[in-house]
Amino acid sequence: MLLSKVLKKKRQERGETQQQVADMLHISRQSISNWENNKSYPDVPTLIELSQYFDFSLDVLKGDDDLMKKIKKDYEFIHKEKENKKYQLYLMVILLLMFIPILFIPLFGKHVMVVKYIGIFVVLMSICLLYFSLKLVQTYYKDVADKNGPLFIPKAFGIGITINPFNFWGKVIWLSLIAFLVVLVIKMILTPI
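The working numbering puts the first residue of the sequence shown at 1, with every later residue one more than the last.
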């Protein structure tokens, strides 16, 4: 059954106006009108609130294909945002771990071994930073993953462009940067003082 029909029927059974329902649920009357006229759909939390308020099961709406698509899209968006937040947290922690040892270089400037190990640690953190940056860009753009897409794409946040991780040459560039840093770490470790 269509959500629009369920909402209108339940509201009329209760003898309430759209404004009364809107006031109870802290939403606009126009939203209720749009939902009842099948012009738009509520987000998932509001849909749950509506089902509780009007006392109907969400199973009734399984036949409403457009609503099911909207719910699926909302769920995917929420999942994507959680994943993005996770990678953003990793990036912040890695940046912090990178810069704290750099602050100690002036204290140990005369101890070449300590400075070498700090350098190795910073480059290792750079590898992690690059890897999680790649993962973050991939989660932002997974909806438009196209091997034939442009090499440069707008940044997901902020100003500028970034390298497309789904483009063949974009992958080559990302992996080359990581490989370069790995070789640099190996060289730093093997180089005697």
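Where is the CB? At the ideal position from N, CA and C, for every residue including glycine. All values reported here derive from a predicted model rather than from experimental measurement.
Please report the Cβ distance between D64 and L2, rounded to the nearest whole angstrom; I am assuming they are in contact, meaning their Cβ atoms lie under 8 Å.
Here the question's residue 64 lines up with position 64 in the sequence shown. Here the question's residue 2 lines up with position 2 in the sequence shown. The pair is a contact, with the Cβ atoms about 5 Å apart (cut-off 8 Å).
Do the region 158–170 and the region 100–112 meet, that is, are 3 or more Cβ pairs less than 8 Å apart?
no
Helix, strand or coil at P154 [DSSP, three-state]:
If you number the sequence shown from 1, residue 154 lands on position 154. Three-state DSSP puts P154 in a strand.
Proximal residues to L134 (C-beta, below 6 Å), its chain only, five neighbours per side dropped:
What you label residue 134 is simply residue 134 of the sequence shown in a count that begins at 1. Closer than 6 Å at the Cβ level, and outside the excluded window around L134, lie P165 and W174.
Can you tell me where the alpha helix (DSSP H) with T162 in it begins and where it stops?
As a first step, residue 162 must be located in the sequence shown, where it is residue number 162. Premise fails: T162 lies in the beta strand (DSSP E), I161 to I163, not in any alpha helix (DSSP H).
Identify which residue in E36, T139, L124 and D23 has its Cα closest to the Cα of I78.
The residue labelled residue 78 in the question sits at position 78 within the sequence shown. If we check each option's Cα against that of I78, T139 comes out closest.
Contact check, I120 vs I189 under 8 Å by CB: the rounded distance?
As a position in the sequence shown, residue 120 is number 120, starting the count at 1. As a position in the sequence shown, residue 189 is number 189, starting the count at 1. About 6 Å; that satisfies the 8 Å criterion.
Rounded distance between the beta-carbons of K5 and F56, thought under 8 Å:
The residue you call residue 56 lines up with position 56 of the sequence shown. The residue you call residue 5 lines up with position 5 of the sequence shown. Actually they are not in contact, since the Cβ atoms of F56 and K5 sit about 11 Å apart, beyond 8 Å.
Rounding to the nearest angstrom, what Cα-Cα distance links E49 and L25 in this structure?
One-based indexing of the sequence shown puts residue 49 at position 49. One-based indexing of the sequence shown puts residue 25 at position 25. In a straight line, the C-alpha of E49 is about 8 Å away from that of L25.
Roughly how many angstroms separate the alpha carbons of L95 and F132, rounded to a whole number?
For this step, residue 95 is matched to residue 95 along the sequence shown. For this step, residue 132 is matched to residue 132 along the sequence shown. When rounded, the distance between both Cα atoms is 11 Å.
Among A156, D43, K171 and F108, which residue has its Cα nearest to the Cα of N148?
Translated into positions along the sequence shown, residue 148 becomes position 148. It is K171 whose Cα lies nearest to the Cα of N148.
Which same chain residues end up closer than 8 Å to N194 when comparing Cβ atoms and leaving out the 5 residues on each side of it in sequence?
Nothing about residue 194 can be reported from this structure: the residues present for the chain run from 1 to 193 only.
Can you tell me the Cβ-Cβ gap for L129 and M98, rounded? I've got them flagged as a contact below 8 Å.
Along the sequence shown, one-based indexing puts residue 129 at 129. Along the sequence shown, one-based indexing puts residue 98 at 98. Yes, L129 and M98 are in contact; Cβ-Cβ is about 7 Å, under 8 Å.
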